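Residue numbers (the working numbering): 7 to 220.
Just so you know, even glycine gets a beta-carbon here, dropped at the ideal spot from N, CA and C.
What you are looking at is a predicted structure, and each value in this text was computed from that prediction instead of being measured.
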């Protein structure tokens, strides 16, 4: 165990980050991940709950037993993560739609898709394996603010995006989501199939893409 005298503000930020990237967690789970005592973690959790940044959810027990409580981010906590590009993009969408109509928005998304496809394909051009391509895509998405990570899934790979910096814009115009899927497929090429298996806008906690070799 490490010392419990860490900066409380730093600890609360770490708790928010863990709940953002891992989903709902018990206090005991948080304590283990943070490397501090249960009591120290409980105190920080109480502060976050009082600030309305986290809320408790009841999780049914597996088999016999009482339900357990896990902590999840509130909408207020979600807004603490970067979303500035979303506001700007939303304003752009509305302006384009007012001047050029919905067809103009579709043309804008197509132009962005072409640009991103070229960038991603160029970045993956020298990759020798599917794993290398997925790793490059994750690095690109991480730099773009998606809190992306790579996970193995049997013979396939997952691109997990724990945050969407354009979520507001994507909710307003889901063409952005369709475009991202096509951009990934273009970068991966013919050696694998890309599918979205979790979708933030559909109510999931995050977006997840599975890249399955053919």
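Residues that residue 219 bridges to, as DSSP identifies them: BP columns for residue 219 point to 198.
Residue 164 to residue 216 span [Cα, whole Å]: 5 Å
CA nearest to the CA of residue 196, picked from 153, 135, 207: 135
For residue 104 and residue 212, the rounded distance between their alpha carbons: In this structure, the CA atom of residue 212 is about 31 Å from the CA atom of residue 104.
Burial state of residue 181 (16 or more Cβ within 10 Å): When all chains shown are included, residue 181 counts as buried.
Residue 203, buried or exposed, once every other Cβ within 10 Å from all chains shown has been counted against 16: exposed
Burial state of residue 51, where buried means 16 or more other Cβ atoms lie within 10 Å: buried
4-residue-minimum alpha helix (DSSP H) runs that sit fully inside the stretch 106 to 157, ordered along the chain: For the stretch 106 to 157, whole alpha helix (DSSP H) runs of length 4 or above, ordered along the chain, are 136 to 149.
Buried or exposed by the 16-neighbour rule on C-beta atoms within 10 Å, applied to residue 147: buried
Span of the beta strand (DSSP E) around residue 45: For residue 45, no beta strand (DSSP E) encloses it; the enclosing alpha helix (DSSP H) starts and ends at 44 to 56.
Three-state class that DSSP yields for residue 14 in the structure shown: A caution first: residue 14 carries a pLDDT of 44, below 50, which makes its placement in the model unreliable, though a value can still be read off. Helix at residue 14.
Supposed contact pair residue 158 and residue 166 - C-beta distance, whole angstroms, cut 8 Å: Actually they are not in contact, since the Cβ atoms of residue 166 and residue 158 sit about 11 Å apart, beyond 8 Å.
Three or more C-beta pairs below 8 Å linking the stretch 73 to 81 and the stretch 56 to 65: When Cβ pairs closer than 8 Å are counted between the two stretches, the stretch 73 to 81 is seen to touch the stretch 56 to 65, the count reaching three or more.
For residue 75, the first and last residue of its enclosing beta strand (DSSP E): 74 to 79
C-alpha distance - residue 193 paired with residue 150, whole-angstrom precision: 16 Å
Assigned secondary structure, residue 9 (DSSP; H/G/I helix, E/B strand, else coil): With a pLDDT of 37 at residue 9, under the threshold of 50, the modelled position of this residue cannot be trusted, and the question is left open.
Status (buried if at least 16 other CB within 10 Å, exposed otherwise) for residue 130: buried
Residue 25 versus 207, 76, 208, residue with shortest Cα-Cα distance: 76
Beta-carbon proximity of residue 47 to residue 33, cut-off 9 Å: yes
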